[in-house]
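All remarks here apply to the structure that follows.
2 protein chains.
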Amino acid sequence: MPRRVDHEERRAHITAALLRIAGTRGLQAVSMREVAAEAGISLRLVQYYVSDKPTLLRLGLDELAARLDRRIRERAAARGAGLAPRAVLEVVLTSILPVDEASRLDRMAWSAYFAVALTDPALLAGATNHPDALEDWLTTVLVRARDSGDVNSGREPRTEVAALLALTNGLSDSVVGGQRDADAALAILDYQLDRLFDRSTPA
Amino acid sequence: MPRRVDHEERRAHITAALLRIAGTRGLQAVSMREVAAEAGISLRLVQYYVSDKPTLLRLGLDELAARLDRRIRERAAARGAGLAPRAVLEVVLTSILPVDEASRLDRMAWSAYFAVALTDPALLAGATNHPDALEDWLTTVLVRARDSGDVNSGREPRTEVAALLALTNGLSDSVVGGQRDADAALAILDYQLDRLFDRSTPA
DNA sequence: GCCTTGGTGGTACACCTGTATCATCAAGGC
DNA sequence: GCCTTGATGATACAGGTGTACCACCAAGGC
């Protein structure tokens with residue numbers, strides 16, 4: 001037998017190179033040859049470890065989702081166990097926002113993926129990506145907060161969560177778009193959370 | 001002299017074809033030949049009336065901005081003169097949201113443009129597109145509303161407006177992304193506006 | 001020691017892209 | 001009547017794309 005190689009690790013290496021290109025030069029700059037060059041390997045090897053270009057793109061999308069998941073867990077771990085409802089929302093939403101260079105590049109790549117996914121349903125097919133799951137979970141968190149009195153009973157948890165997620169996505173786009181910096185986006189997010197968790201506010 | 005042709009009208013025809021493709025099949029499906037076919041003319045004519053591909057893409061972006069402007073004015077005109085602050089916000093924000101097929105296709109095209117603009121600053125160069133101008137204007141509207149007592153004095157107009165615009169953009173993406181329909185997005189927007197214009201709410 | 005077999009290199013092929021070029025047509029001025 | 005000139009057609013060209021193919025290498029089983 002010839003020497004064997006960890007395919008999974010190789011694919012991860014290639015995927016990282018792909019996302020580096022997608023985040024800096026856009027998805028339209030992603031070709032098999034460019035990915036090979038960025039990964040420092042030959043075109044043949046990209047073909048060998050990643051059969052198709054569709055497969056390659058799918059790898060990138062999955063990695064992007066995995067990175068977001070990792071960011072959320074890391075941020076949650078950094079704040080310890082037994083997080084208050086507001087802290088949970090802060091952790092999740094600030095994990096989505098592009099607050100440093102790495103998350104900024106990932107958000108750029110994500111925007112590119114979002115655009116092509118709109119007209120290429122093949123990319124989404126079978127994706128584990130379920131934004132609704134996140135929304136459901138945060139809604140239960142907010143329901144608990146309302147029941148315990150941290151949030152006024154007049155608020156509709158599901159609507160509030162949907163709005164917060166949409167707001168965070170819109171803010172993220174404005175940050176990568178250069179309309180404002182991350183701190184400004186964080187301030188707006190905080191402003192909204194302050195209002196939501198102000199029990200002195202009726203309705 | 002041979003017969004002369006209205007170049008402006010021809011370019012508009014070509015631009016419309018371009019945006020039809022961008023909205024249905026994405027910007028990556030936009031080639032000179034595809035645009036020609038969609039416009040029902042020859043490749044040579046696309047070259048003749050629109051010299052470059054960069055020029056073509058720029059035409060599409062400008063038209064997209066012009067259409068949004070038109071939508072806002074039409075919606076405003078439909079509601080008569082002397083609009084209350086809340087009505088102004090409703091007009092602007094619901095004009096951004098993809099509420100019908102036409103605005104849905106335009107939003108799709110816009111998302112594609114946004115993605116490539118992130119890594120291709122040449123597209124933005126010299127663009128009349130100024131989201132900040134819209135934000136400034138709406139802020140003055142909200143300041144007036146606060147001074148006249150329609151909005152609680154504890155609110156920060158600039159932050160509220162920035163949040164509403166980001167929210168609307170996020171909601172728009174969720175609509176074209178198929179996460180929810182236009183009515184659901186409108187409901188969320190209304191929910192937020194109701195809260196903002198509720199004077200009984202302190203802070 | 002050979003031979004199977006996973007890894008690798010190089011390259012060719014068909015296709016699509018943006019753009020340039022050559023030619024033609026037709027309407028009016030002189 | 002010709003000739004200038006705006007509008008159009010057809011096509012060629014160079015470059016980039018995804019993918020397929022052919023050769024080769026080297027490590028271990030028998």
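First to last, the protein sequences are chains A and B. Numbered according to our numbering, the first sequence spans residues 1 to 203. Numbered according to our numbering, the second sequence spans residues 1 to 203. We put the CB at the ideal spot given by N, CA and C, even for glycine.
For a cut-off of 8 Å, the C-beta gap from Leu-171 (chain A) to Ala-166 (chain B) is around 5 Å, short enough to register as a contact. For the options A:Val-88, A:Tyr-49, A:Thr-94 and A:Pro-85, the alpha carbon positioned closest to that of Leu-68 (chain A) is the one of A:Thr-94. Residue environment analysis places Thr-55 (chain A) among the exposed positions, since fewer than 16 neighbouring C-beta atoms fall within 10 angstroms of its C-beta. Taking a beta-carbon distance threshold of 8 Å, Phe-197 (chain B) does not count as an interface residue toward chain A. Among the residues of chain B, those whose CB is under 8 Å from the CB of Leu-118 (chain A) are Gly-26, Met-108, Ser-111, Ala-112, Val-176 and Gly-177, following chain order. Taking the C-beta atoms as reference points, Gly-23 (chain B) is found no nearer than 8 Å to Leu-123 (chain B).
Residues of chain A whose Cβ lies closer than 8 Å to the Cβ of Thr-159 (chain B) are, in chain order, Ala-187, Ile-188 and Tyr-191.
Linking Ser-200 (chain B) to Ser-148 (chain B) through their CA atoms gives a straight-line distance of about 14 Å. The three-state secondary structure of Leu-56 (chain B), taken from DSSP, is helix. In this structure, Tyr-49 (chain B) sits near Arg-11 (chain B), with a CB-CB distance shorter than 8 Å. In this structure, Leu-164 (chain B) places its C-beta atom within 8 Å of the C-beta atom of Leu-89 (chain B).
Pro-121 (chain B) sits exposed, since fewer than 16 C-beta atoms from the chains shown fall within 10 Å of its C-beta.
Between the beta-carbon of Val-116 (chain A) and that of Leu-27 (chain A) there is about 6 Å, and that keeps the pair under the 8 Å contact cut.
For Val-91 (chain B), the enclosing alpha helix (DSSP H) covers residues 85-96. For Ala-109 (chain B), the uninterrupted alpha helix (DSSP H) run begins and ends at 101-119, by DSSP. For a Cβ distance threshold of 7 Å, residue set Gln-179 of chain A lies close to Pro-131 (chain B), ordered along the chain.
The Cβ of Leu-134 (chain B) sits no closer than 8 Å to any Cβ of chain A. Excluding its 5 nearest sequence neighbours in each direction, Tyr-191 (chain B) has no C-beta neighbour in its own chain below 6 Å.
Setting aside the 5 residues that flank it on each side, Val-30 (chain B) is surrounded in the same chain by Leu-18, Ile-21 and Ala-22, each with a C-beta closer than 7 Å to its C-beta; the list follows chain order. Taking CB atoms only, Ala-115 (chain B) has a neighbour in chain A less than 8 Å away. In the displayed model, Ser-174 (chain B) falls within a helix according to three-state DSSP.
Against chain B, a Cβ distance below 9 Å from Gly-170 (chain A) picks out Ala-163, Leu-165, Ala-166, Leu-167, Thr-168, Asn-169, Gly-170, Leu-171, Ser-172 and Asp-173. In the structure shown, the three-state DSSP call for Val-30 (chain B) is coil.
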